[in-house]
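Peer 1:
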Amino acid sequence: MPDIDFTRNHTLDVDTAKRRLQAVAEDLEQKYGIQSSWEGNTCRLSGTGIKNGTLRISESTVAIQVTLGLLAKPLKSIIEKQIDSQFGAFFA
Numbered sequence: 001m002p003d004i005d006f007t008r009n010h011t012l013d014v015d016t017a018k019r020r021l022q023a024v025a026e027d028l029e030q031k032y033g034i035q036s037s038w039e040g041n042t043c044r045l046s047g048t049g050i051k052n053g054t055l056r057i058s059e060s061t062v063a064i065q066v067t068l069g070l071l072a073k074p075l076k077s078i079i080e081k082q083i084d085s086q087f088g089a090f091f092a
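For the sequence shown, the working numbering begins at 1 and goes up steadily by one.
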């Protein structure tokens with residue numbers, strides 16, 4: 001069961017939503033060393049503090065599920081707030 005699991009509705013077309021998420025993924029890689037790999041509309045995340053993570057884009061939603069590493073678990077609420085803030089900015 002993921003530590004972080006939420007979905008945000010959006011009104012963008014899938015390609016635009018994916019481009020925005022790709023930009024976020026590049027930023028995460030530069031800032032935190034989090035790696036991302038895309039297969040269709042699904043992005044796998046891995047790196048420091050993340051056991052595994054998945055972003056999924058559909059016609060009307062963007063979903064994220066992340067299982068945090070042991071050292072990142074105490075930061076769960078901070079990470080959730082950051083994700084929610086980023087999703088709000090990109091998909092409002």
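Virtual Cβ for every residue (Gly too), placed ideally from N, Cα, C. Computed from a prediction, not measured in an experiment: that's the story for all the values here.
How big is the Cα-Cα spacing for Thr-61 and Lys-76?
Peer 2: Looking at the two C-alpha atoms, the distance is approximately 22 Å.
Peer 1: Assuming contact is defined by CB atoms lying nearer than 8 Å, are Ala-17 and Ile-57 in contact in what I supplied?
Peer 2: A contact, by the Cβ cut-off of 8 Å.
Peer 1: Run through DSSP, which three-state label would Thr-16 get?
Peer 2: Reduced to three states, the DSSP call for Thr-16 is helix.
Peer 1: Could you tell me whether the Cβ atoms of Pro-2 and Thr-67 are closer together than 8 Å?
Peer 2: In contact: Pro-2 and Thr-67 (Cβ atoms closer than 8 Å).
Peer 1: Within 10 angstroms of the Cβ of Gly-53, are there 16 or more other Cβ atoms? Answer buried if so, exposed if not.
Peer 2: Answer is buried; the Cβ neighbour count reaches 16.
Peer 1: Would you say Leu-28 and Cys-43 are within 8 Å of each other, going by their C-beta atoms?
Peer 2: Result no, Cβ atoms of Leu-28 and Cys-43 do not sit closer than 8 Å.
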